[in-house]
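**Q**
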Amino acid sequence: MPPIPGSGLAKGLAVTLRTMTKKTVTAQYPDVQPELPPRSRGVIALFEENCTVCMLCARECPDWCIYIDSHKETVPAAAPGGRERSRNVLDRFAIDFSLCMYCGICIEVCPFDALFWSPEFEYAETDILDLTHERDKLRDWMWTVPEPPALDPRAEEPKELAAARKTADKLRAQQEAEAAAQQAQDGSAQDGPAQDDSAQDDTTQEGDA
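Heads up: the sequence shown runs through residues 29 to 237, numbered per my numbering.
Below, the structure is given as structure tokens:
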């Protein structure tokens, strides 16, 4: 059946009439901040305490916009007779957001949870060279990272939590056993002098008799 002439115009006018009857809503930005979804991809935040300078994020970045510098330090032996160890110390961690395409590969491949998505989006600059943000700025964005969503109550407990709970229970049991042994030792030490005093009293009574 061929379309009725003017049906498309009628549909367009119907949409216009429906829109005209609705109240307009204007987002009063920047006075009112927008409510962003929890998984918004704003910027990449750095938790540098977890960074081991493995360079995996920089190698996997398709845009090569992550710049990392580090040096090695010698850590003294933890126990007498042990050997010294060397560890990497982070000197620079910068991301050029003029090149970043927000793919999130660096966050996914980080094995130590040092990179996170932050919903922060107000980082525009007047000069494109200033879009290379250093680790201090990336660390400040870390405080804007939302909390992870709650686990499914029917999901299995993560292995890390199970291992940590097992270790904590073992340590608690060891501490309770040590406390019980110490209490028993203190009780036996208190009972000893009392028995000696009673024996002396018996000896004194026999001498008087």
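No residue lacks a Cβ here, since even glycine has one placed at the ideal position from N, Cα and C.
Keep in mind the model is a prediction, meaning the values are calculated, not measured.
To which residues of the same chain is SER146 closer than 6 Å at the C-beta, ignoring the five residues directly before and after it?
**A** Excluding sequence neighbours, SER146 sits near GLY70, VAL71, ALA73, TRP169, THR172 and VAL173.
**Q** According to DSSP, simplified to helix, strand and coil, what is ILE32?
**A** In this structure, ILE32 counts as coil in the three-state DSSP scheme.
**Q** Nearest to CYS79 by CA position, among CYS138, ARG193, ALA212 and ALA178, is which residue?
**A** If we check each option's Cα against that of CYS79, CYS138 comes out closest.
**Q** Bridge partners of ILE135, per DSSP?
**A** For ILE135, which the question treats as bridged, DSSP gives no partner whatsoever.
**Q** Determine whether the beta carbon atoms of PHE121 and ARG163 lie at a separation below 8 Å.
**A** Taking 8 Å as the Cβ cut-off, PHE121 and ARG163 qualify as a contacting pair.
**Q** I'd like to check one pair, VAL117 with GLU101: are the Cβ atoms closer than 8 Å?
**A** Yes, Cβ-Cβ distance for GLU101 and VAL117 is below 8 Å.
**Q** So if DSSP puts VAL103 in a beta bridge, which residue, or which two residues, is it bridged to?
**A** VAL103 pairs with ARG113.
**Q** Can you tell which of PRO104, ASP59 and ASP97 has the C-alpha that lies nearest to the C-alpha of GLU76?
**A** GLU76 has its Cα closest to that of ASP97, out of PRO104, ASP59 and ASP97.
**Q** Leaving out five residues on either side along the sequence, give the residues of the same chain with a beta carbon under 7 Å from the beta carbon of THR52.
**A** The answer is none, since no qualifying residue turns up.
**Q** Below 8 Å between beta carbons: does that hold for CYS82 and ILE123?
**A** No, the pair does not count as a contact, with Cβ atoms beyond the cut-off.
**Q** Just the C-alpha distance for THR54 and GLU63, rounded to the nearest angstrom, thanks.
**A** Distance between the alpha carbons of THR54 and GLU63 is about 14 Å.
**Q** With a cut-off of 8 Å on the beta carbons, I'd call CYS134 and CYS85 a contact; round off their distance for me.
**A** The pair is a contact, with the Cβ atoms about 4 Å apart (cut-off 8 Å).
**Q** Along the beta strand (DSSP E) that carries ALA73, what are the first and last residues, could you check?
**A** Per DSSP, ALA73 belongs to the beta strand (DSSP E) from 71 to 74.
**Q** When the cut-off is 8 Å and only beta carbons count, does LEU41 lie next to chain D?
**A** No chain D is present in this structure, which holds just one protein chain.
**Q** Going by C-alpha distance, which of ALA190, GLY132 and GLN210 is nearest SER68?
**A** Ranking the options by Cα distance to SER68, first place goes to GLY132.
**Q** Decide if ALA178 is buried, meaning its Cβ has at least 16 other Cβ atoms within 10 Å, or exposed.
**A** Exposed, by the Cβ-count rule.
**Q** Distance, Cα to Cα, GLN61 vs ARG167?
**A** Cα-Cα distance, rounded: 22 Å.
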